[in-house]
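Colleague: Below you'll find the structure I mean.
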Amino acid sequence: MKLRIETLAEVIYVIPEGRLDFDAAPDFQEAMERLLGGGTTQLPAVIIDGAGLEYASSAGLRAILLAARAAQRAGILFGLCALQPAVREVFDLSGFSRIIAVHADRATALARARQGRP
Amino acid sequence: MTAQRTVPAEASQLAVLNQFLRDFWTAAALAPARMGSFELALEEIFMNLVMHTRQPGIAPRRVELTLSLGSDAVTMMVEDDGPQFDPLSLPPPDLTANLADRSLGGLGVYLVRNVMDTVSYARIAGRNQLRMTKRLAD
């Protein structure tokens, strides 16, 4: 899995590309901890853009859950957008859609961030 | 059509089994979109077995994957030579817990039960056998 980070307007977009499986989850988790844990992020919102994410297993979902918790502790709005159907399915099945914001696209995520809502 | 592959119970072998699954799917001329559930179930079940190898005495040594194409469904069977363990006996995760309290465990098997049509466990001839089936059409 490749991971890109882009800052646009008031939002940091985290863009994973490929597979978020047991193999990729530790690196992803570490990158998210760097972004969310050290007080380094000054912007109000971090959004995972899932357009290039083809696959996520429970290992990947756990890493996303831990990132959401770190964001909550740091007072940073956190969410996902543009999930592919297969990833959306496991996200819904796991119940994570109820506790982590999922937006249709970047525009929706940005609008919510500007309102100060996840 | 049936295909079988045996590998050591090591994390690095998941890539081998994934390739085996992709090859089976291609050979059977099945729709690629239908493979995702099997890919997910394979990772969840195989990695659960591999994680057990960290606990001495309960480690399976080898894992056998069998894929079968029926008239309207694909069956995936995962067998291992470890001590008796039924993953379906694990409690489901609490889906109503809030973000801070949500447990990190139990999610993999829960996902498998939900993406497959049927999942069953049996202990046969000293081996654990997990059989998963999914229809090829909705």
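Those protein sequences? They're chains A and B, same order as listed.
By our numbering, the letter at position 68 of the first sequence is numbered 68, and the numbering carries on one by one without gaps.
For our numbering, add 1000 to where a residue sits in the second sequence, where the first one is 1.
Glycine included, C-beta positions come from ideal geometry on N, C-alpha and C.
1. Which residue's Cα is closest to the Cα of Arg1022(B): Arg1123(B), Arg1034(B), Ala1009(B)?
2. Measure from the C-beta of Glu1079(B) to each C-beta in chain A and report whether the shortest distance is under 7 Å.
3. Can you tell me where the alpha helix (DSSP H) holding Ser58(A) begins and where it ends?
4. Given that a residue counts as buried once 16 or more other Cβ atoms are within 10 Å of its Cβ, and exposed if not, what is Pro16(A)?
5. With three or more beta-carbon pairs closer than 8 Å as the criterion, would you say the stretch 80-89 of chain A touches the stretch 36-55 of chain A?
6. Which residue wins for smallest C-alpha separation from Phe1046(B), given the options Gly1070(B), Gln1013(B), Ala1027(B)?
7. Put Gln1004(B) into one of helix, strand or coil per three-state DSSP.
8. Can you give me, in chain order, the residues of the stretch 1080-1108 of chain B that have a beta carbon less than 7 Å from any beta carbon in chain A?
9. Taking a contact to mean a Cβ-Cβ separation below 7 Å, would you say Arg62(A) touches Leu1090(B) in this structure?
10. With a threshold of 7 Å between beta carbons, is Phe91(A) in contact with chain B?
11. Would you mind telling me which residues of chain B sit closer than 7 Å to Ile99(A), beta carbon to beta carbon, in chain order?
12. Within 7 Å (strictly less), CB to CB, does Asn1018(B) reach chain A?
13. Which residue marks the beginning of the alpha helix (DSSP H) containing Phe1024(B), and which one marks its end?
14. Find the nearest neighbour of Ala59(A) within the set Ser94(A), Ala25(A), Gln72(A), Arg112(A), judged by alpha-carbon distance.
15. Short of 7 Å in beta carbon distance, which residues of its chain neighbour Gly1106(B), apart from the five on each side in sequence? Order them along the chain.
16. Using a Cβ-Cβ cut-off of 6 Å (strictly less than) and excluding sequence neighbours within five positions of Tyr1121(B), which residues of its own chain qualify?
17. At the level of alpha carbons, what is the spacing between Ala111(A) and Ile100(A)?
18. Please tell me whether Val1112(B) and Ala1015(B) are closer than 7 Å, where the distance is taken between their beta carbons.
19. Listed from N- to C-terminal order along the chain, which residues in the stretch 7-40 of chain A have their beta-carbon within a distance smaller than 7 Å of any beta-carbon of chain B?
20. Considering only their Cβ atoms, is the gap separating Val14(A) from Ala56(A) smaller than 7 Å?
21. Would you say Glu942(B) reaches chain A, if we count a Cβ-Cβ gap shorter than 7 Å as a contact?
22. Using a beta-carbon distance below 7 Å, is Leu1111(B) in contact with chain A?
23. Sort out for me which residues DSSP pairs Ala101(A) with in a bridge.
24. Assign Ser1068(B) to one of three DSSP states: helix, strand, or coil.
25. Starting from the beta carbon of Ala68(A), find every residue of chain B whose beta carbon is closer than 8 Å, and list them in chain order.
Modeller: With the structure as the only source:
1. Arg1034(B)
2. For Glu1079(B), the answer is no, since every Cβ of chain A falls outside 7 Å of its Cβ.
3. 58-74
4. buried
5. yes
6. Gln1013(B)
7. strand
8. Leu1095, Asn1098, Leu1099, Ala1100, Arg1102, Leu1104, Leu1107, Gly1108
9. no
10. No, because no Cβ of chain B sits closer than 7 Å to the Cβ of Phe91(A).
11. Asn1098, Leu1099, Arg1102
12. no
13. 1014-1027
14. Ala25(A)
15. Correct list, in chain order: Leu1090, Pro1091, Pro1092, Pro1093.
16. Asp1086, Leu1088, Leu1130
17. 16 Å
18. It is not a contact, given that the beta carbons lie outside the stated cut-off.
19. The stretch 7-40 of chain A vs chain B, Cβ under 7 Å: Asp21, Phe22.
20. no
21. Beyond the ends of chain B as shown, which are 1001 and 1138, falls residue 942(B); an answer cannot be given.
22. Yes, its Cβ sits closer than 7 Å to a Cβ of chain A.
23. Gly79(A)
24. strand
25. The contacting residues are Leu1099.
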